[in-house]
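Colleague: The numbering of the sequence shown is the working numbering, which starts it at 162 and goes up by one.
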Amino acid sequence: GKTKSWPKTLDIIFIFVNGTLTMLTWSFPNSMATINSFSDTMVSGGLVLGIIVAWMLGYPLIKNHMVADSVDDEGIDHPIL
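#1: Look at the alpha carbon of VAL204 and the alpha carbon of TRP187, and state the distance between them as a whole number of angstroms.
#2: Assess contact between the segment 208–220 and the segment 173–186, defined as three or more Cβ pairs (one per stretch) separated by less than 8 Å. Is contact present?
#3: Let me know if THR170 comes out buried or exposed under the rule of 16 or more other beta-carbons within 10 Å of its beta-carbon.
#4: Where does PHE175 fall in DSSP's three states?
#5: Tell me the DSSP secondary structure of PHE243 in three-state form.
#6: Do GLY207 and ILE173 have their C-beta atoms closer together than 9 Å?
#7: Residues in the same chain with beta-carbon distance under 8 Å from LEU218, minus the five sequence neighbours each way, listed in chain order, please.
#8: Give the straight-line distance between the Cα atoms of MET184 and ILE223, rounded to the nearest whole angstrom.
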């Protein structure tokens, strides 16, 4: 089946998290050891924060991956329907 078109919520979250890490790395080249040691935590925290913000704004991740033809918007909002 087909899914909703790009950009999906998870794509936007990954772009934001990776862009933030890239800007930190370019802005503070002398702190590479610190950034490398905390990059896993920053990525995980950014994903969790992005998912929470997207859910609070009404864009849960599952909504982007539902088949648009067989499920209406109300059914997409509720994971059990």
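All C-beta atoms, glycine included, are put in the ideal place defined by N, C-alpha and C.
Modeller: For this structure:
#1: 17 Å
#2: yes
#3: buried
#4: helix
#5: With the chain represented from 162 up to 242, any question about residue 243 goes unanswered, as that position is not in the structure.
#6: Their beta carbons are not under 9 Å apart, which means GLY207 does not touch ILE173 by this criterion.
#7: Excluding residues within five positions, none has a Cβ falling inside 8 Å.
#8: Using only the alpha carbons, I get a separation of about 29 Å.
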